[in-house]
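A.B. asks: This note's numbering applies: residue 4 is where the sequence shown begins, and numbers increase by one.
Ideal Cβ placement from N, Cα and C applies to all residues, glycine included.
Remember, it's a predicted structure, so these values are computed and weren't measured experimentally.
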Amino acid sequence: MTDSPEYTPPTVWSWTKPSGGRFANINRPIAGPTHEKELPVGRHPLQLYSLATPNGQKVTIMLEELLALGHAGAEYDAWLVKIGEGDQFGSGFVAVNPNSKIPALVDRSGPAPIRVFESGSILLYLAEKFGAFLPTEVGPRTECMSWLFWQMGSAPYLGGGFGHFYAYAPTKIEYAIDRFAMEVKRQLDVLDRQLAENEYIAGNTYTIADMAIFPWYGGLAKGWLYGAAEFLSVQEYKNVQRWADMLLERAAVKRGRMVNRISGSPSSQLHERHDATDFETKTQDKITANS
Ligand SMILES: N[C@@H](CCC(=O)N[C@@H](CS)C(=O)NCC(=O)O)C(=O)O
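#1: Give the range of the beta strand (DSSP E) segment to which Asp-110 is assigned.
#2: Helix, strand or coil: how does DSSP classify His-167 here?
#3: If I follow the unbroken beta strand (DSSP E) through Ala-81, where does it start and stop?
#4: In three-state DSSP terms, what is Gly-76?
#5: Helix, strand or coil for Ile-117? Go by DSSP, reduced to three states.
#6: So for Ala-160, helix, strand or coil by DSSP?
#7: Looking at ligand 1, does it come within less than 8 Å of Met-214, judged from the CB to the closest heavy atom?
#8: Should Pro-106 be listed as close to ligand 1, given that the test is whether its C-beta is under 8 Å from any heavy atom?
#9: Please state whether DSSP places Asp-192 in a helix, a strand or coil.
#10: Do Arg-264 and His-277 have their C-beta atoms within less than 9 Å of each other?
#11: CB-CB under 6 Å to Arg-118, same chain, minus the five flanking residues each way: which ones, in chain order?
#12: Using 10 angstroms around the beta-carbon of Phe-26, count the other beta-carbons present and answer buried if the total reaches 16, otherwise exposed.
#13: Do you know whose CA, among Lys-132, Tyr-209, Tyr-240, Gly-23, lies nearest Ser-112's CA?
Next up, the structure:
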């Protein structure tokens, strides 16, 4: 291992300089809004404020799957939140998610709006509201929840740990990259062994556990994250590959991955979604002034 320059932490940490690396402009050690800005509200019962990161995609895939099943009550407006520009610190967004992170949802179908934040909580809320993609029997339901919570606990090691130090940190630190590459490969192996015995993550049915895990670990397997496919030898995880390819065949997954996307090929981007026909007729002039 190569030596890094020595750093002796002071007795009390203080915010004296930006942390460096990509996203340094939005990182800060305090919560709460930085500016006043109301959120737009569209015509559908569900209002989603998001971006097509892996955490954002979980929810748009779920909404598109619900609509594909025929749940008209899952119609939604998906508004773009540009986290690189600090939209998540606007007062309206913070009122919906005090943690200032996408995705955030407001359900306006009842007498009073209900806010939902944290992607796992949103998936569970929608699964319970529509009675879909979450088994009802206690055993399969618990297995699904275990994998949903596994994802919520594991992905920060992939994103905040591996992805950050491999792709975004201002310097390459061998110790940090080794530590998180090891953990991410272990996580891929956990999934690979589970998928060797099961068609889907939580057994033989497609659930919110698949929708939560796919954008992160399916994305990693397909080479979409951090330019790290070769480094992590993702092709070796054959069962993860099989499962990711199977999910990618689903029309709702394809649609869900497009919503609130602002990078990649223009044909893969639907900056905002306000109607099912937006997928067919999407053009720049359909994007509202809020985007
Ligand atoms: N545990 C949260 C994580 C959400 C999250 O980290 N969102 C990121 C984008 S993937 C974000 O909004 N970052 C903005 C920021 O950190 O200021 C969830 O699953 O909803």
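C.D. replies: This is what the structure holds:
#1: Counting along the chain, Asp-110 sits inside the beta strand (DSSP E) bounded by residues 107-110.
#2: The answer is helix: DSSP assigns His-167 an H, G or I state.
#3: Secondary structure note for Ala-81: its beta strand (DSSP E) is the uninterrupted segment 79-83.
#4: It is helical.
#5: The answer is strand: DSSP assigns Ile-117 an E or B state.
#6: According to the sequence displayed, residue 160 carries Tyr and not Ala. Of the three classes helix, strand and coil, the one that applies to Tyr-160 here is helix, per DSSP.
#7: Met-214: no, Cβ never under 8 Å from ligand 1.
#8: Result yes, Cβ under 8 Å from ligand 1.
#9: DSSP places Asp-192 in helix when its eight states are reduced to three.
#10: With respect to His-277, Arg-264 sits apart: the two C-beta atoms are not nearer than 9 Å.
#11: Excluding sequence positions up to five before and after Arg-118, its CB lies within less than 6 Å of the CB of Val-99, Val-109, all in the same chain and listed in chain order.
#12: By the C-beta density criterion, Phe-26 is exposed, having fewer than 16 other C-beta atoms within 10 angstroms.
#13: Taking Ser-112 as reference, the option from Lys-132, Tyr-209, Tyr-240, Gly-23 with the minimal CA-CA separation is Lys-132.
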